[in-house]
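In what follows, a single structure is set out as structure tokens and then discussed.
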Amino acid sequence: MSENLLEVKNLHVAFFQDGKLADVVRDVSFEIKPNETLGLVGESGSGKSVTSKAIMRLIADPPGKITGGSVMMDGMDIFALPEKKMREIRGGRIAMIFQEPLTSLNPLFTCGSQISEAIRLHKKCSKKEAEEQAVEMLRLVGVPSPERRAKAYPHELSGGMRQRVMIAMALSCKPSLLIADEPTTALDPTIQAQILRLIHDLQKLNGMSLLLITHDMGIVAENCDRVAVMYAGEILEIADVSTIFHSPMHPYTKGLLKAIPKMNEKVERLYNIDGMVPGFNELPKGCAFSSRCPYCKDDCASTPQRLEYVSAGHQVRCKYCRNLEQEA
Amino acid sequence: MEKILEVKHLKKYFPVKKGLFRRTVAHVRAVDDVSFEIKGGETFGLVGESGCGKTTVGKLILQLHRADSGKIVYCGEDLCAMSGKQLQKKRSEVQIIFQDPYGSLNPRMRVEQILSEGIIKHRLIPKEQIPARVAELLRLVGLHEGDAKKYPHEFSGGQRQRIAVARALSFNPKLIVCDEPVSALDVSVQAQILNLLVDLQKELGISYLFIAHGMAVVQHISHRVGVMYLGKMVEIAPTEVLFKEHAHPYTHALLSSVPVTDPDKIPEREVLEGEIPNPINPPAGCRFHPRCRYACEKCSCEVPQLREIEPGHMVACHYPNVFREKGKEKIAASEEEKG
Amino acid sequence: MKKKGTTSPLARGWIKIKKRKTAFVSLIILVAICLLAIFGNALYAYDPTQTNTSIRLQAPSSEHIFGTDNLGRDVLARVLYGSKLSLSISIVSVLMAMVMGTIMGLIAGYIGGKVDSVMSLIIDAICAFPTILLGLLLGTVMGSGIINIMLAIGIANTPYFARLVRSMAASLREREFVESAITTGLNHLEIIGKYILPNMSSVIIVQVSLSAASAIITESSLSFMGVGVAPPAASWGTLLRDGYDFISKAPWLSIFPGIAIVVTVLALNFLGDGLRDALDVKIRIDG
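Residue numbers (the working numbering), protein chains in the order written: chain A, 1 to 328; chain B, 329 to 667; chain S, 668 to 954.
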């Protein structure tokens, strides 16, 4: 087994909400190995984006606060690093791309100058060299006529092209970890397929790890090696991709997979997960999913559950998960 | 089954205005000669990518935009030819559910007001029966009677979408246009709304025009599906046929781009190259030809008409099924050329 | 409007206003000022018009708390008397501006297109006139008088409402709940009355309180310059002007009406800001 590139241990993040501290991320632990793709799936409010921001130390304090845990990148404790060192890591070792590239690109500068800026931040080279490299990056991410597009402003490009520019910028310093936060959610299906393939190809080419954050189970199934399922701030299940899809153990994962319509099979009726995701101020003391769980026991809502191994590489946050089959 | 809605050669160009005097400099060809029909009790899915005009088709049917030309025949009457009062009455029978449950309900009205507004306006039932009807509507969509006194902001996204469904039902509509009704909802809540729509259809015999970009959702809920590209209908077929035996290369690419939810059965993917062209200046001939890897000369100059290749299966392509028969050899040939 | 746990958006605003101290205190002060304007003279011992040359220009004392003026009238009685006119001019002119501006803004924003272009041109043209200049102009053309000053201030404030309402109406018109109202079969008046206006009411309320503050200042300035309220009628502005002649000898003649203006204007502004936060109004005035 290879050494871990990123290790997140017992991460807790809280946000001030109406004068109270709400625990938005609770006890999140996972690791990413070199060249591996970890999928982080969850619905809105599951804390998946907050987790990724905490890894980059981008949680605004206030209103947010990292209240516990650690993030180790290459053996360095991210939370203990001075801000200057952290800036080198951001963009240099860990890069990030977002759902809507238009808001993360500066509208006042050309795409080329923004990429070369990013290059010069982390590498000592002349302006001219950086600009040439920027064009080269644009070519690499499949932007047609990159010399011309380098001189274009973000608003002059389509959504797919902008996302390519974002990827070029993120990868310009050859990071060892790319965090992609819903990278294709704003894009059309055919463009989404292009971007996902591009990310996959570049990952193979550069030998980097990928933390892919999404709500789309299809994207997870096709692009990830391992999957962590998040719900209301906790990881409920974590396993390799085929285990998650073929033999999920947690009631939430099971329900979620039955609730989404699938392309290859037609069902008369979709599985209903009743109720809705609880707000952070109405979370039970115990299992966060207990209010919607069809197998909920008397003590589920009151006793906290721990993420425990059920087999090698397969962790589940539900102590009753082994007995569910017989019950059903 | 009888037809409840027939759309014939529908056209809508939006003018693009520029300059001080707002002169029209170009047109966005949002919907360009689109025809299809919806039968009673049926769900017709309309899919396509952004700019294909599917949302405009929905708004034209609701008469939120007036069509430039073409007919929208609802229960034997052409909505496009109607005007004023006549239309106001008629179009309440065609209702809509929007994508965004936060934006589609008036934040200043209580649920009971939202649900009774149409009933009062069109005097559908006597006044004293309205509270009972509101309660019945709420029960139908899985909400509580007590919710009638609340305001929309007191509900979650999924519950608001239920209110939107109840509002649409308050008119006893024969047809509901669902414009991306589950796209803004969480995955676990999507199934609730989809099941609700299916149940209501079985119970009340409503037809749906289901507009969406998520192929899996459309496949799940639709009886027949139409695929649009840049303002044109490129293929219409019963759902099973469309998803297994589609004949248009665009449909093929669109279906192929959808990720499957089984990590062990990832199909060989045909990733479409290039971007969606601007609908202001769509390509000549077949609008898909610049991105179609099977296109030949005829495709770039002659507009393919929507024609029936087998009963119920219509395609607008000069060479339907070309990607099945010639796909492999053509790719091989083109690679030889390059090499 | 409160019923078992469910609250209307305006009721929620009221609850939030109560939590904001400056805004709530301002509101109480304003209510007090209005009550004083209405009942003050009736309750106060001195008549604001009663002259008495034997007690001219007396400094504030326990008998005359605010002192007396050059004709021996009690200044507190005069300030109370002046508040009637100052407040009513401000209220009437702002209501006028609100009605005219809302109508203009609705026409421009809801109909859009060429109507919007023409309407916006008119609004901008009115805006180009400084309020004082407009007041001077109307004053000289039609003669100074209370109606004219109300008209002048009303017209001068109209564009602020018109612009606000125009941009709100234009964006609300595109909202999905308005489209669903159209499919309900409502006509344009019903849509405006039930969907457009209620959803911009909070913005208008905020603008009313801010405009009322500026109307009081405008009225005072005009009266101070002699084109506003003419004697024997009195407003805070005329009191200021009357006192100006004796500023070194009897500063209390100007100080007390001045304080009245400052307190009222500040309270209105604080209330406006508080309302803006409480009702979560995002005011955008497009240029």
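Just so it is clear, CB atoms sit at the ideal spot from N, CA and C, and this is done for glycine as well.
Legend entry - Short Cβ contact (7 Å threshold) for K345(B) with D360(B): Position 17 of the second sequence, counted from the first residue, corresponds to residue 345(B). Position 32 of the second sequence, counted from the first residue, corresponds to residue 360(B). Judged by their CB atoms, K345(B) and D360(B) are not nearer to each other than the 7 Å cut-off.
Inset, instruction - Spell out whether any CB of chain B is found under 7 Å from the CB atom of S787(S). - result: Translated into positions along the third sequence, residue 787(S) becomes position 120. So no, S787(S) is outside the interface.
Legend entry - Beta-carbon proximity of I97(A) to I195(A), cut-off 7 Å: Taking the first sequence and counting its residues from 1, the one referred to as residue 97(A) is at position 97. Taking the first sequence and counting its residues from 1, the one referred to as residue 195(A) is at position 195. No, the Cβ-Cβ distance between I97(A) and I195(A) is not below 7 Å.
Legend entry - Residues within the stretch 466-495 of chain B neighbouring chain A, beta-carbon criterion of under 7 Å: Taken in chain order, the members of the stretch 466-495 of chain B whose beta-carbon sits within less than 7 Å of a beta-carbon on chain A are S484 and G486.
Legend entry - chain B residues whose Cβ lies nearer than 7 Å to that of I849(S): Locating residue 849(S) in the third sequence gives position 182, counting from the first residue. What I849(S) touches in chain B: L392.
Inset, instruction - Give a yes or no on whether the minimum CB-CB distance between E841(S) and chain B is below 7 Å. - result: Position 174 of the third sequence, counting from 1, holds the residue named residue 841(S). Against chain B, the CB of E841(S) has no partner CB under 7 Å away; the residue lies outside that interface.
Legend entry - M556(B) versus P154(A): straight-line alpha-carbon distance, rounded: Position 228 of the second sequence holds residue 556(B). Position 154 of the first sequence holds residue 154(A). So the two alpha carbons sit approximately 28 Å from each other.
Legend entry - Rounded straight-line distance, which links the Cα of E630(B) to that of H548(B): Within the second sequence, residue 548(B) is the residue found at index 220, counting from 1. Within the second sequence, residue 630(B) is the residue found at index 302, counting from 1. If you take the alpha carbons of H548(B) and E630(B), they lie about 35 Å apart.
Inset, instruction - Figure out for me which residue from V462(B), E334(B) and E638(B) has the closest Cα to the Cα of L388(B). - result: What you label residue 388(B) is simply residue 60 of the second sequence in a count that begins at 1. When C-alpha distances from L388(B) are compared across V462(B), E334(B) and E638(B), the shortest belongs to E334(B).
Legend entry - I594(B) versus R87(A) - alpha carbon distance: Position 266 of the second sequence, counted from the first residue, corresponds to residue 594(B). Position 87 of the first sequence, counted from the first residue, corresponds to residue 87(A). C-alpha separation (whole angstroms): 39 Å.
Legend entry - Three-pair Cβ contact test at 8 Å for the stretch 451-460 of chain B versus the stretch 397-412 of chain B: The way I'd put it, the stretch 451-460 of chain B doesn't touch the stretch 397-412 of chain B; fewer than three beta-carbon pairs between them come closer than 8 Å.
Legend entry - Residue from S887(S), N854(S), I928(S) and S878(S) whose Cα sits closest to the Cα of G813(S): Working through the third sequence from its first residue, we reach residue 813(S) at position 146. Looking at the sequence shown, residue 813(S) is not Gly but Ile. I813(S) has its Cα closest to that of S887(S), out of S887(S), N854(S), I928(S) and S878(S).
Legend entry - Within chain B, the residues that S44(A) reaches when beta carbons sit closer than 8 Å: Walking along the first sequence from the start, residue 44(A) turns up at place 44. The answer, in chain order, is D514.
Legend entry - Closest Cα partner of I926(S) within the set I700(S), I684(S), S834(S) and H731(S): The residue labelled residue 926(S) in the question sits at position 259 within the third sequence. It is I700(S).
Legend entry - Ordered list of beta strand (DSSP E) runs contained in the stretch 680-752 of chain S, each at least 3 residues: Counting only runs that start and end inside the stretch 680-752 of chain S, there is no beta strand (DSSP E) element of at least 3 residues.
Inset, instruction - Taking only beta carbons into account, state which residues of the stretch 438-451 of chain B come closer than 7 Å to chain S, listed in chain order. - result: From the stretch 438-451 of chain B, only E445, G446, K449 and H450 have a Cβ closer than 7 Å to chain S.
Inset, instruction - For the beta strand (DSSP E) containing K33(A), list its first residue and its last residue. - result: The residue given as residue 33(A) occupies position 33 in the first sequence. Per DSSP, K33(A) belongs to no beta strand (DSSP E) and is neither H nor E.
Legend entry - the stretch 172-198 of chain A: positions lying closer than 8 Å to chain B by Cβ: Within the stretch 172-198 of chain A, the residues whose Cβ lies closer than 8 Å to some Cβ of chain B are D188, P189, T190, I191, Q192, A193, Q194, L196 and R197, listed in chain order.
Legend entry - Inter-residue spacing [alpha-carbon to alpha-carbon] between P610(B) and V650(B): Taking the first residue of the second sequence as position 1, residue 610(B) is located at position 282. Taking the first residue of the second sequence as position 1, residue 650(B) is located at position 322. Their backbone Cα atoms lie some 23 Å apart in a straight line.
Inset, instruction - Just the C-alpha distance for L270(A) and H12(A), rounded to the nearest angstrom, thanks. - result: Mapped onto the first sequence, residue 270(A) falls at position 270. Mapped onto the first sequence, residue 12(A) falls at position 12. Answer to the nearest angstrom: the Cα atoms are 34 Å apart.
Inset, instruction - Would you mind stating whether I534(B) and D507(B) have Cβ atoms separated by less than 7 Å? - result: Here residue 534(B) refers to the residue found at position 206 when the second sequence is read from its first residue. Here residue 507(B) refers to the residue found at position 179 when the second sequence is read from its first residue. No. Outside cutoff.
Inset, instruction - Answer yes or no: do P591(B) and F245(A) have a C-beta to C-beta separation smaller than 7 Å? - result: Counted from its first residue, the second sequence places residue 591(B) at position 263. Counted from its first residue, the first sequence places residue 245(A) at position 245. Against a cut-off of 7 Å, the Cβ pair of F245(A) and P591(B) comes out as a contact.
Legend entry - Chain-ordered chain A contacts of R597(B) [CB-CB under 7 Å]: Sequence index remark: in the second sequence, residue 597(B) carries index 269 (1-based). In chain order, A193 make up the part of chain A whose C-beta sits under 7 Å from the C-beta of R597(B).
Legend entry - Rounded straight-line distance, which links the Cα of S585(B) to that of F109(A): Taking the first sequence and counting its residues from 1, the one referred to as residue 109(A) is at position 109. Taking the second sequence and counting its residues from 1, the one referred to as residue 585(B) is at position 257. In a straight line, the C-alpha of F109(A) is about 33 Å away from that of S585(B).
Inset, instruction - Would you list, in sequence order, the uninterrupted alpha helix (DSSP H) runs of no fewer than 4 residues that lie entirely inside the stretch 856-933 of chain S? - result: DSSP runs (the alpha helix (DSSP H)) wholly in the stretch 856-933 of chain S: 864-892 and 903-911.
Inset, instruction - Tell me, please, whether the CB atom of R635(B) is closer than 7 Å to any CB atom in chain S? - result: The residue you call residue 635(B) lines up with position 307 of the second sequence. For R635(B), the closest Cβ of chain S is not nearer than 7 Å.
Inset, instruction - Say whether the stretch 429-437 of chain B touches the stretch 474-486 of chain B, bearing in mind that this needs 3 or more beta-carbon pairs closer than 8 Å, one atom from each stretch. - result: With three or more CB-CB distances shorter than 8 Å, the stretch 429-437 of chain B counts as touching the stretch 474-486 of chain B.
Legend entry - Burial state of F328(B) (16 or more Cβ within 10 Å): Outside the modelled stretch of chain B, which goes from 329 to 667, sits residue 328(B), for which no answer is possible.
Legend entry - Neighbour flag for R436(B) against chain S, beta carbons, 7 Å: Walking along the second sequence from the start, residue 436(B) turns up at place 108. For R436(B), the nearest CB of chain S lies under 7 Å from its own CB, placing it at the interface with that chain.
Inset, instruction - Could you pull out every unbroken alpha helix (DSSP H) segment of at least 4 residues lying fully inside the stretch 410-450 of chain B, listed in chain order? - result: List check, alpha helix (DSSP H) in window: 412-419 and 439-449.
Inset, instruction - Whole angstroms is fine: what's the gap from G91(A)'s alpha carbon to N4(A)'s? - result: Position 91 of the first sequence, counted from the start, is the residue given in the question as residue 91(A). Position 4 of the first sequence, counted from the start, is the residue given in the question as residue 4(A). Approximately 20 Å between the Cα atoms of the pair.
Inset, instruction - Could you list which residues in chain B have their beta carbon closer than 7 Å to that of L853(S), in chain order? - result: By 1-based counting over the third sequence, the position of residue 853(S) is 186. In chain order: K449.
Legend entry - Cβ-Cβ separation, A150(A) to G112(A) (assumed contact under 8 Å), whole Å: As a position in the first sequence, residue 112(A) is number 112, starting the count at 1. As a position in the first sequence, residue 150(A) is number 150, starting the count at 1. That pair is a contact at about 3 Å.
Legend entry - Own chain, CB closer than 8 Å to D428(B), minus 5 neighbours either side, in chain order: Here residue 428(B) corresponds to residue number 100 of the second sequence, with the count starting at 1. The answer, listed in chain order, is A512.
Legend entry - Distance, R57(A) Cα to V71(A) Cα: Sequence index remark: in the first sequence, residue 71(A) carries index 71 (1-based). Sequence index remark: in the first sequence, residue 57(A) carries index 57 (1-based). Roughly 10 Å between the two C-alpha positions.
Inset, instruction - Inspect the beta-carbon positions of P607(B) and G559(B) and report whether they are closer than 7 Å. - result: Within the second sequence, residue 607(B) is the residue found at index 279, counting from 1. Within the second sequence, residue 559(B) is the residue found at index 231, counting from 1. Between P607(B) and G559(B), the gap from beta carbon to beta carbon is short of 7 Å.
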